[in-house]
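Here the structure is laid out as structure tokens; the discussion comes afterwards.
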Amino acid sequence: MLRIWLYIARDSEEIADRVQTEFYSKFDSLARHPGQGHRRTDYTKANVLFFPVYSYLIAYRPGTDPLEILAVVHGAREVKKVLRR
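Okay, so the sequence shown: first residue is 1405 according to the working numbering, each after it adds one.
What follows is the structure in structure tokens.
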């Protein structure tokens, strides 16, 4: 999350703060209401859901407590490769 904030803050700290707030709001929502988002079998066959926030995808395991966020990836990146890490 820090890397994303720093990248956006190069242009605007205000926007970076807004994006970060939106991410944390979505994390909370996903924890309270698991099952939001979509499966992407083109990225992984595992039990992972993807939820978009701006140009990013949150990859998470539904039904985990606490919520397991696997990655927050910019949509322009090769999501499949990031998930293999």
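Ideal Cβ positions, reconstructed from N, Cα and C, are used throughout, including at glycine.
Query	Result
For N1451, the nearest candidate out of V1457, D1415, G1467 and S1459 (CA to CA)	G1467
DSSP-derived helix/strand/coil call for L1410	helix
Closest residue to L1461 among H1442, D1469 and K1449 (Cα-Cα distance)	H1442
With 16 other Cβ atoms within 10 Å as the buried cut-off, status of Y1411	exposed
Exposure of Y1428, with buried meaning 16 or more beta-carbon neighbours within 10 Å	exposed
Identified DSSP bridge partners for A1463	F1454 and A1475
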